[in-house]
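*Asks:* Below is a structure I'd like to ask you about.
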Amino acid sequence: MDQFLQATITGIATAAILAVAASGLVLTYTTTGIFNFAHGAIGMLGAFAYWQLRFDWGWPAPVALLVVLGVLAPLLGVAIELVVMRGLHDAPEAARVVVSVGLLAALLGLGLWVWPTDVARPLTRFWGNEHISVLGVRLTWHEVVAILVAAGLALGLRALLYGTRAGLAMRAAVDDRALSMLNGARPHRSAVLAWAIGCTCAALAGILISPAIGLMHVNLTLMIVNAYAAAMIGRLRNLPMTFAGAVALGLLDAYALTYLPTDSILLAQFRFAIPVILLFAVLLVLRQDRLRGHAARSTREVVPRPGWSGSLATAALFVAAGVVAAQITSAPDAVAVQKIVAVAIIALSLVPLVGFAGQLSLCQMSFAGIGAVVMAHHGHGGDPVGLLLATVVAGAVGALVALPTVRLAGIYLALATAAFAMMLDLWIFGLRDFEVGPLSISIFGTGSVAVDPIDVPGVDSAHDRLVFLSVVFALLYLLVVAIRRSTFGQRLLAFKDSPAASATLGVNTMLVRLAVFTLSAAMAGFGGALYGGTLGAVSAQNFAFAQSLPLLLLAVVGGIGTAAGALVAGVLVGGLPLLVEVAPWFENVNRVLPGTMGIALGRNPNGIAHQIRVGLAPLRRQPALLAGTVAGVAAVVGLRLAEVLTGTPFALALAAVPAAGGLAAQVLAARRAAGATATEGPDDVPLEWAGIVRPFTAEEVATMDRVLGLERRPEPTPSLAGAPSGVSAPARTAAGAGR
Amino acid sequence: MTAATAPAAALEVRDVVVRFGGHLALDRVSLTARPGEVTGLIGPNGAGKTTLFNVVTGLQAPQRGTVLLDGRDVTRLAPYRRARRGLARTFQRLELFGLLTVAENVELAASVRGRRRPGRSADEALELVGLRDLADVRADELPTGKARLVELARALATGPRVLLLDEPASGQSEAETEEFREVLLAVAGEGIAVVLVEHDVQLVMRTCSQVHVLDFGRVLAAGTPEEIRGNEAVIEAYLGAAPGVPA
Chain A
1 MDQFLQATIT GIATAAILAV AASGLVLTYT TTGIFNFAHG AIGMLGAFAY WQLRFDWGWP
61 APVALLVVLG VLAPLLGVAI ELVVMRGLHD APEAARVVVS VGLLAALLGL GLWVWPTDVA
121 RPLTRFWGNE HISVLGVRLT WHEVVAILVA AGLALGLRAL LYGTRAGLAM RAAVDDRALS
181 MLNGARPHRS AVLAWAIGCT CAALAGILIS PAIGLMHVNL TLMIVNAYAA AMIGRLRNLP
241 MTFAGAVALG LLDAYALTYL PTDSILLAQF RFAIPVILLF AVLLVLRQDR LRGHAARSTR
301 EVVPRPGWSG SLATAALFVA AGVVAAQITS APDAVAVQKI VAVAIIALSL VPLVGFAGQL
361 SLCQMSFAGI GAVVMAHHGH GGDPVGLLLA TVVAGAVGAL VALPTVRLAG IYLALATAAF
421 AMMLDLWIFG LRDFEVGPLS ISIFGTGSVA VDPIDVPGVD SAHDRLVFLS VVFALLYLLV
481 VAIRRSTFGQ RLLAFKDSPA ASATLGVNTM LVRLAVFTLS AAMAGFGGAL YGGTLGAVSA
541 QNFAFAQSLP LLLLAVVGGI GTAAGALVAG VLVGGLPLLV EVAPWFENVN RVLPGTMGIA
601 LGRNPNGIAH QIRVGLAPLR RQPALLAGTV AGVAAVVGLR LAEVLTGTPF ALALAAVPAA
661 GGLAAQVLAA RRAAGATATE GPDDVPLEWA GIVRPFTAEE VATMDRVLGL ERRPEPTPSL
721 AGAPSGVSAP ARTAAGAGR
Chain B
740 MTAATAPAAA LEVRDVVVRF GGHLALDRVS LTARPGEVTG LIGPNGAGKT TLFNVVTGLQ
800 APQRGTVLLD GRDVTRLAPY RRARRGLART FQRLELFGLL TVAENVELAA SVRGRRRPGR
860 SADEALELVG LRDLADVRAD ELPTGKARLV ELARALATGP RVLLLDEPAS GQSEAETEEF
920 REVLLAVAGE GIAVVLVEHD VQLVMRTCSQ VHVLDFGRVL AAGTPEEIRG NEAVIEAYLG
980 AAPGVPA
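Protein chains in written order, with the numbering used here: chain A, 1 to 739; chain B, 740 to 986.
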């Protein structure tokens with residue numbers, strides 16, 4: 001009984017900290033519509049900042065707390081809102097998640113940069129281990145503080161949201177941002193306030209929980225999963241239910257710690273899986289979401305429907321590049337390039353899922369890991385059966401992950417995938433060999449397992465394998481092209497555009513989502529089995545949650561609508577670590593780079609690959625220049641083969657020749673266009689018919705938005721019935737503008 | 740109910756209630772649409788016309804009431820299942836698949852229909868609305884009027900028994916509206932039950948055999964166009980002093 005009471009009290013203290021973290025998450029989500037994946041990372045930074053002030057510099061605790069919670073955390077929140085999140089509220093959901101995940105990766109990298117892992121940083125409880133006795137149970141003052149803080153926060157948030165004008169504005173902004181603006185509210189101000197409070201909650205939770213779990217970057221960052229498991233019970237919006245969820249989680253965790261057998265291989269770490277299992281259980285009972293229609297889109301998305309001839313040529317180009325790379329690399333370098341191609345194959349699995357269907361997976365490397373593990377145990381000697389099995393098993397697991405979420409909005413799939421990755425990281429991937437009835441299951445054994453590269457007749461050396469992987473990449477690229485051209489591919493794009501319209505045409509949208517997620521997981525498992533072969537020995541670290549993030553971010557940066565984007569992701573994910581070997585200073589930059597790129601480019605759905613394609617497009621219309629460019633590339637490759645041009649100059653020349661060709665073609669095209677007379681403008685219809693017989697031009701939309709103040713543009717400033725312009729939308733509404 | 744109810748209504752809506760928080764969007768609304776007829780649904784903005792379409796297609800669950808397709812209760816069916824039983828619609832706020840071409844939009848609809856039901860091929864549907872020339876244009880590049888026609892072609896390609904049109908003629912010129920009316924009558928002539936939401940009251944009166952007037956979530960009146968024109972409640976609430984002026 002004492003044991004039970006003790007566990008209950010401890011559980012409530014844990015619950016209090018979770019509630020603080022989760023309520024910050026709910027507050028930002030309800031007010032801004034952006035789910036803050038970086039919430040845990042912000043808590044991590046808060047805890048480290050507190051350690052820095054309190055223990056490294058020896059400031060008194062109250063001063064350190066005041067600076068972190070009263071100044072640094074709110075400022076970070078304001079900065080995130082102003083610099084990163086503003087303007088994102090009407091972006092497609094995928095873009096919002098990518099930017100938020102980018103922030104997570106960037107802040108985690110920043111934490112590792114500023115506070116490297118090679119120093120031990122003890123963070124003690126407030127008042128050390130002094131405690132009081134409640135009902136004969138030990139309760140530290142730290143736990144008392146946590147419970148009081150959570151209770152105070154609950155009352156404070158309630159008072160803020162329902163008792164103040166600022167709270168009313170925050171609740172109004174949730175329902176309809178533009179509408180609340182036109183009715184005189186100021187959603188920007190609400191958003192800034194929500195981010196400031198949210199970040200403070202995160203930092204507070206980070207400081208409170210650090211003494212228990214240790215001041216560790218990744219663990220604190222991943223606290224987010226526990227927090228959103230609690231928030232999920234309140235459907236990410238309801239604060240009282242979120243508190244209830246936190247209590248349930250805190251108690252379950254404490255009871256698991258007290259009562260679960262520690263000698264069982266399977267159950268020893270099971271405690272860490274509880275939030276994830278609870279989260280999936282909640283997903284199963286959540287009410288179905290309404291199907292939404294179009295999302296507003298600021299950038300025109302390009303997902304070309306590729307023709308077969310062009311695609312075959314592109315596939316041939318991939319193979320040719322592989323052959324050339326095999327010719328000019330040393331054996332160790334060939335292995336490094338193999339890894340790049342293997343990662344690109346895994347990244348390719350994101351193209352149908354993210355690029356076509358607009359669904360997000362934050363656990364693609366986990367599926368790759370499942371593929372690699374299956375290959376390790378069933379693909380001895382490179383047996384192709386192992387590869388087949390890896391594909392099937394990863395696909396089946398993918399289906400199980402997606403199944404509970406297909407009825408729900410897209411954000412829930414992203415949350416489920418992150419939770420799944422966490423469960424593998426903390427529990428499954430750490431399991432030693434065990435038996436379930438007649439089945440004997442082994443994963444990473446004692447830490448790492450050997451994976452044999454796939455056995456193909458005639459493929460023996462590292463160079464041969466490089467060519468082989470290029471062929472596989474080219475074939476999978478053609479598979480993706482075939483998907484895009486099929487009616488299945490049409491359904492994916494249709495679903496991304498308008499789930500509501502898809503359903504009313506008779507498309508079973510749940511089946512479509514399940515199918516594409518399964519396919520994507522199977523492709524990732526296939527790629528993971530090959531990737532494992534290039535690594536030789538694999539461990540859980542190779543396939544951790546933290547590895548999935550850069551893969552997704554860089555695939556989006558590369559251009560997720562096309563296979564070229566996947567190749568860019570492969571080159572960046574596989575190539576940047578190589579750069580670190582050459583230039584050690586780059587290591588810290590590399591930590592924050594994928595996240596920063598994700599933040600910067602996450603809202604542009606087209607990515608780098610599209611920019612390159614646009615840049616080279618004029619070449620196609622100039623046969624002479626095109627031939628010259630191709631000849632130039634061939635010459636550079638020839639010089640390399642003759643070992644005249646090597647190393648960095650070769651790489652530069654290889655990039656410079658097509659760039660010069662594209663530039664020259666653009667200049668020529670521009671000259672020709674200048675020669676022709678000016679094209680007809682949009683004055684073809686009377687102004688009042690604009691938007692009816694033809695769409696509004698960008699300028700007209702901008703003008704309307706500017707007059708209404710929905711978008712801030714520096715100039716030219718419109719004036720409203722003589723009133724001073726440069727005022728916000730709500731003020732203009734007050735002055736009599738309506739729409 | 741006895742077997743002697745109305746002669747085979749293709750779509751029947753009974754006593755539907757939808758509440759958004761404190762706002763009663765639909766208050767015991769009933770509506771019947773018969774095969775081969777165009778049934779009109781008019782009313783001021785915010786009267787609940789689009790909400791009713793959402794209830795019929797399953798995008799919005801009603802608090803009360805039933806929706807019958809060919810006499811079978813579909814109130815609890817998912818939207819895609821209703822579509823496969825022959826229900827199709829267009830949207831007031833356009834919902835074309837912007838990433839796909841015009842042809843792909845319509846092909847998609849035809850491919851979902853499969854061979855289960857008879858219906859137009861994608862080509863025939865585009866031909867009917869006169870947009871074959873635009874087949875390879877990306878759908879988000881179309882002006883609104885043309886886009887509405889593509890939505891109509893897409894709905895037709897599903898081989899519908901019941902077709903719900905949400906303001907299909909807005910954004911069209913007078914000549915285009917006239918062509919559109921011909922298409923509508925031809926479609927109804929094939930035995931499809933058409934429900935038309937439209938602000939162009941003249942168009943509705945000239946085209947429909949039955950008209951329902953919706954106001955503040957209630958059916959204000961229902962009957963033939965002549966009856967509606969003479970209905971004082973309708974004149975007062977909607978048609979106003981100058982009947983026939985589009986809102």
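Ideal Cβ placement from N, Cα and C applies to all residues, glycine included.
Since we're looking at a predicted model, the values are computed, not measured.
So the alpha helix (DSSP H) L895/B belongs to, where does it begin and stop?
*Replies:* Sequence index remark: in the second sequence, residue 895/B carries index 156 (1-based). Counting along the chain, the alpha helix (DSSP H) containing L895/B begins and ends at 883-895.
*Asks:* Pull up the distance between the alpha-carbon of A372/A and that of D766/B, whole angstroms please.
*Replies:* Within the first sequence, residue 372/A is the residue found at index 372, counting from 1. Within the second sequence, residue 766/B is the residue found at index 27, counting from 1. Each residue's Cα considered, the two are about 59 Å apart.
*Asks:* Within 8 Å of any Cβ in chain B, is that where the Cβ of N508/A sits?
*Replies:* As a position in the first sequence, residue 508/A is number 508, starting the count at 1. True, the Cβ-Cβ gap to chain B drops below 8 Å.
*Asks:* For the beta strand (DSSP E) holding E751/B, just list the boundary residues, first then last.
*Replies:* Translated into positions along the second sequence, residue 751/B becomes position 12. Run containing E751/B: 750-759, per the beta strand (DSSP E) assignment.
*Asks:* Taking 8 Å as the CB-CB cut-off, is G681/A touching chain B?
*Replies:* Your numbering for residue 681/A matches position 681 in the first sequence. With a pLDDT of only 45 at G681/A, under the threshold of 50, the placement of this residue in the model should not be trusted; the figure read from the coordinates follows. Chain B places no beta carbon closer than 8 Å to that of G681/A, leaving this residue out of the contacts.
*Asks:* Exposed or buried, what is V114/A when buried is set at 16 or more other beta-carbons lying within 10 Å of its beta-carbon?
*Replies:* In the first sequence, residue 114/A corresponds to position 114, counting from 1. V114/A is exposed by the Cβ-count criterion.
*Asks:* Evaluate P594/A with the Cβ neighbour count: other Cβ atoms within 10 Å of its Cβ, from every protein chain shown; 16 or more gives buried, anything less gives exposed.
*Replies:* Position 594 of the first sequence holds residue 594/A. Answer is buried; the Cβ neighbour count reaches 16.
*Asks:* For R957/B, I'd like the list of residues in its chain whose CB is within less than 6 Å of its CB, leaving aside the five on either flank, ordered along the chain.
*Replies:* Taking the first residue of the second sequence as 1, we reach residue 957/B at position 218. If we look at R957/B and ignore the five residues flanking it on each side, its Cβ neighbours are D766.
*Asks:* Can you give me the C-alpha to C-alpha distance between L551/A and A544/A, rounded to a whole angstrom?
*Replies:* The sequence position of residue 551/A within the first sequence is 551, counting from 1. The sequence position of residue 544/A within the first sequence is 544, counting from 1. So the alpha carbons of these two residues sit roughly 11 Å apart.
*Asks:* On the DSSP bridge list, what partners appear for S210/A?
*Replies:* By one-based count along the first sequence, residue 210/A stands at place 210. Per DSSP, none; premise fails for S210/A.
*Asks:* Taking C-beta pairs closer than 9 Å, name the residues in chain A that A822/B reaches, listed in chain order.
*Replies:* Stepping through the second sequence from its first residue, residue 822/B is reached at position 83. Ordered by position in chain A, the residues that pass the 9 Å Cβ test against A822/B are A503, T504, L505, G506, V507.
*Asks:* Would the beta-carbon of F830/B fall within 8 Å of that of D905/B?
*Replies:* In the second sequence, counting from the first residue as 1, residue 830/B sits at position 91. In the second sequence, counting from the first residue as 1, residue 905/B sits at position 166. Yes, the pair counts as a contact, with Cβ atoms nearer than the cut-off.
*Asks:* Buried or exposed for D263/A, going by 16 or more other Cβ atoms inside 10 Å?
*Replies:* For this step, residue 263/A is matched to residue 263 along the first sequence. Note on D263/A: under 16 other CB atoms within 10 angstroms of its CB, so exposed under the neighbour-count rule.
*Asks:* With three or more beta-carbon pairs closer than 8 Å as the criterion, would you say the region 415-429 of chain A touches the region 256-276 of chain A?
*Replies:* yes
*Asks:* G598/A lies in the alpha helix (DSSP H); which residues open and close that run?
*Replies:* Residue mapping note: residue 598/A aligns to position 598 of the first sequence, counting from 1. Annotation: the continuous alpha helix (DSSP H) that includes G598/A extends over 586-601.
*Asks:* Based on Cα-Cα distance, which residue from L123/A, A196/A, L88/A, A336/A lies nearest to L72/A?
*Replies:* On the first sequence, position 72 is the one that residue 72/A refers to. When each option's Cα is compared against that of L72/A, the closest is A196/A.
*Asks:* Residues of chain B with a CB under 8 Å from the CB of D263/A: which are they?
*Replies:* Counting from one through the first sequence, the residue named residue 263/A turns up at place 263. Correct list: empty, because the minimum Cβ distance to chain B is about 48 Å.
*Asks:* Unbroken beta strand (DSSP E) runs of length 3 or more, entirely within the region 800-830 of chain B: which are they?
*Replies:* 803-808, 826-828
*Asks:* Quick check on L873/B: buried or exposed, where buried means 16 or more other Cβ atoms within 10 Å of its Cβ?
*Replies:* Within the second sequence, the letter at position 134 stands for residue 873/B. L873/B should be labelled buried.
*Asks:* Taking contact to mean at least 3 C-beta pairs separated by less than 8 Å, is the region 57-72 of chain A in contact with the region 568-578 of chain A?
*Replies:* no
*Asks:* Spatial neighbours of Y412/A within its chain, please: CB distance less than 7 Å, with the 5 preceding and 5 following residues excluded, ordered by chain position.
*Replies:* Working through the first sequence from its first residue, we reach residue 412/A at position 412. Only L283, T405 meet the Cβ criterion.
*Asks:* Going by DSSP, which residues form a beta bridge with D954/B?
*Replies:* The residue labelled residue 954/B in the question sits at position 215 within the second sequence. BP columns for D954/B point to R957/B.
*Asks:* Where are the beta strand (DSSP E) runs, 3 residues long or more, that stay fully inside the region 889-949 of chain B, in chain order?
*Replies:* 901-905, 932-936
*Asks:* Going along chain A in order, which residues have a C-beta closer than 9 Å to the C-beta of A861/B?
*Replies:* To locate residue 861/B, count along the second sequence from 1; it is residue 122. Those do not exist, as A861/B stays about 11 Å from chain A at its closest Cβ, beyond 9 Å.
*Asks:* With a cut-off of 8 Å on the beta carbons, I'd call V868/B and L891/B a contact; round off their distance for me.
*Replies:* Taking the first residue of the second sequence as 1, we reach residue 868/B at position 129. Taking the first residue of the second sequence as 1, we reach residue 891/B at position 152. Yes, V868/B and L891/B are in contact; Cβ-Cβ is about 6 Å, under 8 Å.
*Asks:* Check V406/A in the structure and name its three-state DSSP category.
*Replies:* Mapped onto the first sequence, residue 406/A falls at position 406. The answer is coil: DSSP assigns V406/A none of H, G, I, E or B.
*Asks:* Please decide whether R290/A counts as near chain B, where near means a Cβ-Cβ distance under 8 Å.
*Replies:* Here residue 290/A refers to the residue found at position 290 of the first sequence. Yes, contact with chain B.
*Asks:* Quick test of the definition: if touching needs 3 or more C-beta pairs under 8 Å, does the region 944-953 of chain B touch the region 762-777 of chain B?
*Replies:* yes
*Asks:* Taking C-alpha atoms, which residue in L388/A, G381/A, A357/A, G602/A lies nearest to I370/A?
*Replies:* Numbered from its first residue, the first sequence carries residue 370/A at position 370. The residue with the shortest Cα to Cα distance from I370/A is L388/A.
*Asks:* So A927/B packs on T916/B, CB below 8 Å; how close in whole Å?
*Replies:* Translated into the one-based positions of the second sequence, residue 927/B becomes position 188. Translated into the one-based positions of the second sequence, residue 916/B becomes position 177. With 8 Å as the limit, A927/B and T916/B do not qualify as a contact, their Cβ atoms being about 16 Å apart.
*Asks:* Expressed to the nearest angstrom, what Euclidean distance is found between the alpha-carbon atoms of L479/A and F367/A?
*Replies:* Taking the first residue of the first sequence as 1, we reach residue 479/A at position 479. Taking the first residue of the first sequence as 1, we reach residue 367/A at position 367. Those two C-alpha atoms are separated by around 19 Å.
*Asks:* Closer than 7 Å, Cβ to Cβ, to anything on chain A: give me those residues from the region 901-918 of chain B, in chain order.
*Replies:* G910
*Asks:* For a contact meaning CB atoms closer than 8 Å, what does L798/B contact in chain A?
*Replies:* As a working note, residue 798/B is residue 59 in the second sequence. Result: R290, L291, A500, A503, T504.
*Asks:* For the beta strand (DSSP E) containing I441/A, name the first residue and the last one.
*Replies:* Numbered from its first residue, the first sequence carries residue 441/A at position 441. Here the beta strand (DSSP E) through I441/A covers 439-441.
*Asks:* Could you please give the first and the last residue of the uninterrupted beta strand (DSSP E) stretch that includes A435/A?
*Replies:* To locate residue 435/A, count along the first sequence from 1; it is residue 435. Going by the sequence as given, residue 435/A is Glu instead of Ala. Its beta strand (DSSP E) spans residues 434-436.
*Asks:* Mind checking which residues open and close the alpha helix (DSSP H) that includes V119/A?
*Replies:* The count along the first sequence starts at 1 and reaches residue 119/A at position 119. V119/A -> no alpha helix (DSSP H), and no H or E assigned at all.
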